[in-house]
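Visitor: Encoded as C-alpha cells, here's the structure I'll be asking about.
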Ligand code: ATP
Ligand code: MG
Ligand code: FE
C-alpha cells in the first residue's frame with residue numbers, strides 16, 4: 001500500500017511517500033520539505049497568514065518532486081494522509097484541502113493524522129528503529145510530554161509541561177539574547193563556546209516527585225540575568241546560552257530517567273525538534289548506557305516537522321488496524337487536539 005503524506009501544521013511544508021510491507025515496518029520511498037523559516041525570520045516568529053499562503057504555493061511542487069524521486073504516479077497512491085492537528089488552523093486547512101481534493105479526484109480515501117503521533121513515531125523511520133513498549137520523551141516547539149507507549153495508538157501520558165514547552169524555552173531565551181528565529185539551534189550553537197556552570201539558573205519542578213515540567217520560570221530567570229548583565233550581555237552571551245541549555249537539559253534528563261524507573265521499561269524514544277540537540281543526546285546516551293537502557297532518536301533531519309513522519313504514522317496506523325481511511329472528504333482540522341484524545345477522535349465525522 002502506498003501512502004502519500006502531507007504536513008502543513010506550522011511553518012514547514014512536507015510531502016512524503018511511504019510504502020507498507022507485508023511484514024515489518026513501512027518504508028520511506030521519498031520525501032521533500034520546504035521550510036518557511038527564512039520568510040518568518042524578519043518577524044521574529046511565525047505569521048499564520050503568510051504560513052498558509054506559502055503552504056499553498058509549495059505543496060504541489062513538493063508532491064511532484066516526491067513522485068519523481070520515488071518513480072511513482074498519482075494513480076499509484078492508495079491513501080492520502082494529512083496532518084489534521086494540532087497546529088495553525090489556516091495552515092492545517094491547506095494540507096487537509098489538498099489531501100481531500102486529491103483523494104476525491106483519485107477516488108482514494110484520506111486519513112487525518114495527529115501531528116504529535118507523527119513526531120512520536122518518526123524514530124521508526126531510522127535504521128535503528130525501536131520496539132514497543134517504550135518511554136517516549138516528546139520535546140517539540142509546542143509540547144513537552146513523557147509517555148508510556150505500548151503500541152501504535154496506545155499512549156499513556158505520564159507527565160507534561162504545565163506552561164511552556166522545552167522548545168519554547170529554547171526559542172524565548174534565544175530571543176532575549178538577540179538570536180534569530182527559531183532560536184533553539186542558534187542557542188545550542190552559541191552554547192558550544194560557553195560555560196554551562198557560569199550562571200545559576202532554576203531547574204523548575206526537578207524535585208516535584210511527578211513527571212511534569214515547567215519552563216516559564218526559567219525564561220523569566222534568563223530575562224532577569226540578561227538585564228543584570230546590561231552592557232556585558234554581549235560578552236557573556238555564550239555563557240548564558242550554555243547555562244540556559246544546561247538547565248533545560250538537566251530537567252529533561254532527570255525526568256526521563258524517573259519515567260524509566262517508574263515504568264520499569266528499558267527503552268527510551270526521543271522525538272520532536274529539541275531531540276536534535278547534541279548535548280541532550282550526549283547526556284541521555286551516557287545516562288542510558290549506565291542503566292542498560294536503549295535510546296532511539298529520529299534521524300537529525302526528521303526531528304523537526306516533515307511529511308515523512310505523517311505518512312509513516314498513517315501507514316503504521318493502517319498496518320496496526322487502528323484506523324480506517326475514509327472517503328468522507330471533510331475539512332475538519334483540529335487546531336487544538338491533545339494526544340490522549342486521539343482515539344476518541346480517530347474517525348472523521350461525516
Ligand atoms: P509542535 O510539534 O509541538 O506543534 P513544532 O512543530 O514547532 O511544535 P518541532 O518542529 O518538533 O516543533 O521542533 C521545533 C522546535 O525544536 C523549535 O522550538 C526549535 O528551536 C527546536 N530545536 C530544533 N533544533 C534544536 C536544537 N539543536 N537544540 C534545541 N532546540 C532545537
Ligand atoms: Mg517548524
Ligand atoms: Fe512539530
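In full-length UniProt numbering, the protein residues as written are 1 to 350. Cβ atoms here follow ideal geometry from the backbone N, Cα and C, with glycine treated the same way.
When you compare only the Cα positions, how much space is there between residue 336 and residue 142?
Guide: Against the chain shown, residue 336 aligns to sequence position 336. Against the chain shown, residue 142 aligns to sequence position 142. About 11 Å.
Visitor: For residue 309, list the residues DSSP reports as bridge partners.
Guide: Here the question's residue 309 lines up with position 309 in the chain shown. According to DSSP, residue 309 bridges with nothing at all.
Visitor: Where does residue 114 fall in DSSP's three states?
Guide: For the purposes of this step, residue 114 is identified with residue 114 of the chain shown, where counting begins at 1. Looking at residue 114 - three-state DSSP - the assignment turns out to be strand.
Visitor: Where residue 217 and residue 40 are concerned, what is the direct C-alpha to C-alpha distance, given to the nearest angstrom?
Guide: By one-based count along the chain shown, residue 217 stands at place 217. By one-based count along the chain shown, residue 40 stands at place 40. One C-alpha to the other measures close to 27 Å.
Visitor: How is residue 98 classed by DSSP in three states: helix, strand or coil?
Guide: In the chain shown, counting from the first residue as 1, residue 98 sits at position 98. Note: residue 98 maps to helix in three-state DSSP.
Visitor: Output the boundary residues of the beta strand (DSSP E) element that contains residue 150.
Guide: For the purposes of this step, residue 150 is taken as residue 150 along the chain shown, with counting starting at 1. It spans 144 to 151 - the beta strand (DSSP E) in which residue 150 sits, taken as one unbroken run.
Visitor: Does the Cβ of residue 200 have 16 or more other Cβ atoms within 10 Å, making it buried, or fewer, making it exposed?
Guide: In the chain shown, residue 200 corresponds to position 200, counting from 1. Residue 200 comes out exposed.
Visitor: Are there any heavy atoms of the ligand MG lying less than 7 Å away from the beta-carbon of residue 83, as far as the coordinates show?
Guide: Reading the chain shown from its first residue, position 83 is the one you call residue 83. Residue 83: no, Cβ never under 7 Å from the ligand MG.
Visitor: Per DSSP, residue 208 is paired with what?
Guide: Translated into the one-based positions of the chain shown, residue 208 becomes position 208. Answer is none; residue 208 lacks a bridge partner.
Visitor: Apart from the five residues just before and just after residue 329, which ones in its own chain have a Cβ nearer than 7 Å to its Cβ?
Guide: The residue you call residue 329 lines up with position 329 of the chain shown. Here the set comprises 100, 103, 104 and 110.
Visitor: I need the straight-line Cα distance from residue 121 to residue 137, nearest angstrom please.
Guide: Here residue 121 is taken as the residue at index 121 of the chain shown, counted from 1. Here residue 137 is taken as the residue at index 137 of the chain shown, counted from 1. Computed Cα separation, rounded: 12 Å.
Visitor: Quick check on the burial criterion: 16 or more other C-beta atoms within 10 angstroms. Buried or exposed for residue 61?
Guide: Within the chain shown, residue 61 is the residue found at index 61, counting from 1. Exposed: under 16 other Cβ atoms inside 10 Å.
Visitor: Check whether the Cβ atoms of residue 369 and residue 270 sit closer than 8 Å, and answer yes or no.
Guide: Nothing about residue 369 can be reported from this structure: the residues present for the chain run from 1 to 350 only.
Visitor: Within the present structure, is the beta-carbon of residue 328 separated from the nearest heavy atom of the ligand ATP by less than 7 Å?
Guide: Along the chain shown, one-based indexing puts residue 328 at 328. No, the beta carbon of residue 328 sits no closer than 7 Å to any heavy atom of the ligand ATP.
Visitor: Under the criterion of a Cβ to heavy atom distance below 7 Å, does residue 51 qualify as lining the ligand ATP?
Guide: Stepping through the chain shown from its first residue, residue 51 is reached at position 51. No.
Visitor: Are the beta-carbon atoms of residue 341 and residue 152 separated by less than 8 Å?
Guide: Counting from one through the chain shown, the residue named residue 341 turns up at place 341. Counting from one through the chain shown, the residue named residue 152 turns up at place 152. Their beta carbons are not under 8 Å apart, which means residue 341 does not touch residue 152 by this criterion.
Visitor: Where residue 227 and residue 168 are concerned, what is the direct C-alpha to C-alpha distance, given to the nearest angstrom?
Guide: Residue numbering aside, residue 227 sits at position 227 when the chain shown is read from its first letter. Residue numbering aside, residue 168 sits at position 168 when the chain shown is read from its first letter. Looking at the two C-alpha atoms, the distance is approximately 20 Å.
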